[in-house]
DNA sequence: TCAATAAAATACTTTTTTGTCTTTTATTAT
DNA sequence: ATAATAAAAGACAAAAAAGTATTTTATTGA
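Residue numbers (this note's numbering), protein chains in the order written: chain A, 3 to 145; chain B, 3 to 145.
Structural data, given as structure tokens:
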């Protein structure tokens, strides 16, 4: 469904959202341990998300990654688009470049509904939901 | 969504299903041209599907790939499982190994419905549907 | 029988994805 | 000022996916 990069990215963003409850910035090491991902790899992913403006960061001691009120409005769909692009939202299920309503592939219409449901779900799920969630849920971002 | 290998595989199977209307075996070259895929690559994929019993083939002159009545009962889901495995049907959206009903990831329940819809759709779509379809539809398997 | 045909098997190359490591830059607290 | 900290940047390595080419085996029709 999503690339590994994207899976790690979503998990990290949810983790950071949860941790941002108490306005605390979290470091890469902490995040990697929290979501069970390779440390250097997630670092690269988070830097990319920061560059794209979905995530905030601060260098130096007491630094780390964090989300402010505005960034917490980010949806899972935003993260997926930033990392995997929008193939999953608009691409043809059979990989055809010019598949469309007027020139549909054999399973275009069946796929459409599923893509729309997924798109809606990912768009409606925002990081601030996880911000509210209790600390015990964090464990479920690992393994 | 699916790997490139899987996309080509599905397209080829649909193409063969359509061509099997008149009990004609189709060769790799014909299939590659028909679905606009790399020739050697689709050959390898079809051999794998044949080995797994989803597709029938015959060597030598007048040989090629074909589907009999039984093989035409194959669903898109069967093809996906044979090529990409069942990650898309049962795997966690965030890539967690032990995500489950009792230990769900933060978006487990939202994902569940989508996975189920997709699974149902792919399972209910069988190759013999395409077998019935008109020849003009074939163009929509390319590009 | 034998030349032609077409899939099967297999080896190989390229590209993309995933993952690791080192150096640089910004920031803080002493 | 400066030592410590943590992200940013960028180079590098390994693994997986995608794609290509060659050789072998089975089958047919002349």
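By construction, the Cβ of each residue, glycine as well, lies at the ideal position given by its N, Cα and C atoms.
Which residues of chain B have a Cβ atom closer than 7 Å to the Cβ of residue 18/A, listed in chain order?
Position 16 of the first chain, counting from 1, holds the residue named residue 18/A. In chain order: nothing, as chain B lies at least about 13 Å away.
Assign residue 88/A to one of two classes, buried (16 or more other C-beta atoms within 10 Å of its C-beta) or exposed (fewer than that).
Working through the first chain from its first residue, we reach residue 88/A at position 86. So residue 88/A ends up on the exposed side.
Which residues bound the beta strand (DSSP E) around residue 58/A?
Along the first chain, read from residue 1 onward, the residue named residue 58/A stands at position 56. Note, residue 58/A: beta strand (DSSP E), 58 to 60.
Proximity test, Cβ basis, 8 Å: residue 40/A and chain B:
On the first chain, position 38 is the one that residue 40/A refers to. Residue 40/A is outside the set of residues whose beta carbon lies under 8 Å from a beta carbon in chain B.
Please look up how many angstroms separate the CB atoms of residue 28/A and residue 18/A, rounded, as I've assumed it's under 8 Å.
The sequence position of residue 28/A within the first chain is 26, counting from 1. The sequence position of residue 18/A within the first chain is 16, counting from 1. With 8 Å as the limit, residue 28/A and residue 18/A qualify as a contact, their Cβ atoms being about 6 Å apart.
Which class does residue 12/B belong to by DSSP, given the choice of helix, strand or coil?
Residue 12/B sits at position 10 when you count from the first residue of the second chain. Helix, per DSSP.
If you compare alpha carbons, which of 4/A, 8/A, 14/A, 7/A is closest to residue 144/A?
Here residue 144/A is taken as the residue at index 142 of the first chain, counted from 1. When only C-alpha atoms are compared, the closest one is 14/A.
Using the Cα positions of residue 72/B and residue 57/B, report the straight-line distance between them to the nearest angstrom.
On the second chain, residue 72/B is found 70 positions in, with the first residue counted as 1. On the second chain, residue 57/B is found 55 positions in, with the first residue counted as 1. Between residue 72/B and residue 57/B, the C-alpha separation is close to 10 Å.
Just to check my reading of the structure: residue 127/B and residue 109/A have Cβ atoms closer than 8 Å, yes? What is that Cβ distance to the nearest angstrom?
For this step, residue 127/B is matched to residue 125 along the second chain. For this step, residue 109/A is matched to residue 107 along the first chain. The pair is a contact, with the Cβ atoms about 6 Å apart (cut-off 8 Å).
Can you tell me which of the three DSSP states residue 141/B falls into?
For the purposes of this step, residue 141/B is taken as the residue at position 139 of the second chain. Low per-residue confidence applies at residue 141/B: pLDDT is 49, beneath 50, and the placement is therefore not dependable enough to give any value.
Any chain A beta carbon closer than 8 Å to residue 81/B
Counting from 1 along the second chain, the entry for residue 81/B is found at position 79. Output row for residue 81/B: interface = no.
Between the C-alpha atoms of residue 99/A and residue 131/A, what's the straight-line distance to the nearest angstrom?
The residue labelled residue 99/A in the question sits at position 97 within the first chain. The residue labelled residue 131/A in the question sits at position 129 within the first chain. For residue 99/A and residue 131/A, the distance between alpha carbons rounds to 36 Å.
Closer than 7 Å at the beta carbon, the chain A residues around residue 116/B:
Translated into the one-based positions of the second chain, residue 116/B becomes position 114. Result: 116, 119, 120, 123.
Residue 81/A and residue 36/A: beta carbons closer than 8 Å?
Residue mapping note: residue 81/A aligns to position 79 of the first chain, counting from 1. Residue mapping note: residue 36/A aligns to position 34 of the first chain, counting from 1. For residue 81/A and residue 36/A, no; Cβs fall outside 8 Å.
What's the gap between the Cα of residue 69/B and the Cα of residue 38/A?
Position 67 of the second chain holds residue 69/B. Position 36 of the first chain holds residue 38/A. Straight across, the Cα-Cα distance linking residue 69/B with residue 38/A is about 45 Å.
Helix, strand or coil at residue 100/B according to DSSP, with G and I counted as helix
Within the second chain, the letter at position 98 stands for residue 100/B. DSSP places residue 100/B in coil when its eight states are reduced to three.
For the alpha helix (DSSP H) that contains residue 36/A, what are its first and last residues?
Within the first chain, numbered from 1, the residue matching residue 36/A stands at position 34. Segment 30 to 37, the alpha helix (DSSP H) holding residue 36/A.
I'd like the span of the alpha helix (DSSP H) that includes residue 43/A, first residue to last.
Start at 1 with the first residue of the first chain, and residue 43/A comes out as number 41. Residues 41 to 53.
Cutoff 8 Å: residue 67/A Cβ touching any chain B Cβ:
The count along the first chain starts at 1 and reaches residue 67/A at position 65. False, the Cβ-Cβ gap to chain B never drops below 8 Å.
Chain-ordered residues of the region 96 to 108 of chain A with a beta carbon less than 8 Å from chain B
Those residues of the region 96 to 108 of chain A that come within reach of chain B (Cβ to Cβ, closer than 8 Å) are 96, 97, 98, 99, 100, 101, 105, 106, 107, 108.
Which first and last residues belong to the alpha helix (DSSP H) in which residue 113/A is found?
The residue you call residue 113/A lines up with position 111 of the first chain. Where residue 113/A is concerned, the enclosing alpha helix (DSSP H) stretches over 110 to 126.
So who's on the other strand from residue 17/A, going by DSSP bridges?
Here residue 17/A is taken as the residue at index 15 of the first chain, counted from 1. For residue 17/A, which the question treats as bridged, DSSP gives no partner whatsoever.
So, at 7 Å on beta carbons, what are the nonlocal neighbours of residue 141/B in its own chain, with the 5 sequence-adjacent residues on each side left out?
Against the second chain, residue 141/B aligns to sequence position 139. Low per-residue confidence applies at residue 141/B: pLDDT is 49, beneath 50, and the placement is therefore not dependable enough to give any value.
Determine, using beta carbons only, whether residue 96/B and residue 9/A come nearer to each other than 8 Å.
For the purposes of this step, residue 96/B is taken as residue 94 along the second chain, with counting starting at 1. For the purposes of this step, residue 9/A is taken as residue 7 along the first chain, with counting starting at 1. Yes, the pair counts as a contact, with Cβ atoms nearer than the cut-off.
Could you name the residues of the region 48 to 77 of chain A whose beta carbon sits closer than 7 Å to any beta carbon of chain B, in the order they occur along the chain?
Listed by position, the residues of the region 48 to 77 of chain A near chain B (Cβ gap below 7 Å) amount to none.
Simplified DSSP assignment, three categories, for residue 151/B:
Look at the range of chain B in this structure, 3 to 145, and you will see that residue 151/B is not part of it.
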